[in-house]
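Residue numbers (the working numbering), protein chains in the order written: chain A, 1 to 105; chain B, 1001 to 1105.
A virtual CB, placed ideally from N, CA and C, is assigned to each residue, including glycine.
So the structure is just underneath, and the comments pick up after that.
Protein chains: 2
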Amino acid sequence: MIHINILYPNTPGSRFDMDYYLGTHMPMSKRLLGNACKHIGIERGVMGSEPGSPPIYIVSCHMQFESIDTFLAVWSVHGETLASDIPNYTDVQPVIQFSEPLPFA
Amino acid sequence: MIHINILYPNTPGSRFDMDYYLGTHMPMSKRLLGNACKHIGIERGVMGSEPGSPPIYIVSCHMQFESIDTFLAVWSVHGETLASDIPNYTDVQPVIQFSEPLPFA
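And the structure:
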């Protein structure tokens, strides 16, 4: 299993249209990625480590795929459509990271 | 529900003892946080947005609590023990963010 984290920095003065993101972009993502994507989770940043401090990311999206190859196969078909939709809801450049889950006892 | 994300930056030259983290620190965290913590997920950074690029975080830990108050109640008792254990496995200062899950249709 591979996790893909798409993190939108909470840049002062930046734009993020949550209605478009949740109502249009993410449903389109879910539809185009299809069964290759095993799970999608979205979070809104509330605060940093101290009460009242700003969160470092305004939104985080976590997706799970069986493997990087599974992701690349579907991304090669639909990635351009999805990436080109980003300016419709934000002017922030997301941080993208691939991670693997680790068990612990 | 509130998510707490503890993100360890992948700083060049830094130290991260994965065996201690997975074998000692996280089991201690799970035990001390107890039933207040509804879920713990740990990820190891594999790569950034491009194949071969370094991940921005070497390790990410995601925990779920019913509320910030629930977290603060248990953290006020065990937080110092857990925070003071961090130098035993890393010299990196983690980024901490509180987030709330968002539904989408």
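(request) Kindly confirm or deny that the region 19-28 of chain A and the region 1066-1076 of chain B touch, where touching means at least three C-beta pairs closer than 8 Å. (result) no
(message) By alpha-carbon positions, which one of B:G1048, B:M1063, B:E1050, B:M1047 ends up nearest to L1033 (chain B)?
(response) B:M1063
(request) Decide yes or no for the touch test of the region 1072-1085 of chain B against the region 1040-1057 of chain B: beta carbon pairs closer than 8 Å, at least 3 of them. (result) no
(request) Give every residue of the same chain whose Cβ lies closer than 8 Å to the Cβ of A1036 (chain B), excluding the five residues on either side of it in the sequence, and list them in chain order. (result) F1065, E1066, T1070, F1071, A1073, V1074
(request) Have a look at the DSSP bridge pairing and note the partners of H1107 (chain B). (result) Nothing can be reported for residue 1107 (chain B), as the shown portion of chain B is limited to 1001 through 1105.
(message) With a threshold of 8 Å on Cβ separation, who are the neighbours of N10 (chain A) within its own chain once the five nearest residues in sequence on each side are excluded?
(response) G45, P54, P55, I56, Y57, I58
(request) Output the distance between the C-alpha atoms of I1004 (chain B) and P1094 (chain B), rounded to the nearest integer angstrom. (result) 12 Å
(message) Looking only at its chain, what residues have a beta carbon closer than 7 Å to the beta carbon of Y8 (chain A), apart from the 5 residues adjacent to it on each side?
(response) F16, Y57, I58, V59, T90, V92, P94
(message) Checking 8 Å against the spacing of the C-beta atoms, do I1002 (chain B) and E1100 (chain B) come in under that value?
(response) yes
(message) Looking at L1022 (chain B): is its Cβ nearer than 8 Å to the Cβ of F104 (chain A)?
(response) yes
(message) Using the three-state DSSP reduction, which class does E1100 (chain B) fall into: helix, strand or coil?
(response) strand
(message) Taking a contact to mean a Cβ-Cβ separation below 8 Å, would you say I1096 (chain B) touches S49 (chain A) in this structure?
(response) yes
(request) Closer than 6 Å by C-beta to H78 (chain A): which residues in its own chain qualify, once you throw out the five before and the five after it? Chain order, please. (result) L32
(message) By the three-class DSSP mapping on this structure, what secondary structure does N1010 (chain B) have?
(response) coil
(message) With a threshold of 8 Å between beta carbons, is P101 (chain A) in contact with chain B?
(response) yes
(request) In angstroms with no decimal places, state the Cα-to-Cα distance between S1084 (chain B) and G52 (chain A). (result) 23 Å
(message) I'd like the span of the alpha helix (DSSP H) that includes L1022 (chain B), first residue to last.
(response) It is not in any alpha helix (DSSP H) - L1022 (chain B) carries neither H nor E in the DSSP assignment.
(message) Rounding to the nearest angstrom, what Cα-Cα distance links C1061 (chain B) and M18 (chain A) in this structure?
(response) 25 Å
(request) Anything in chain A within Cβ reach of I970 (chain B), meaning under 9 Å, just list it in chain order. (result) In the structure displayed, chain B extends from 1001 to 1105; residue 970 (chain B) sits before or after that span and is not available.
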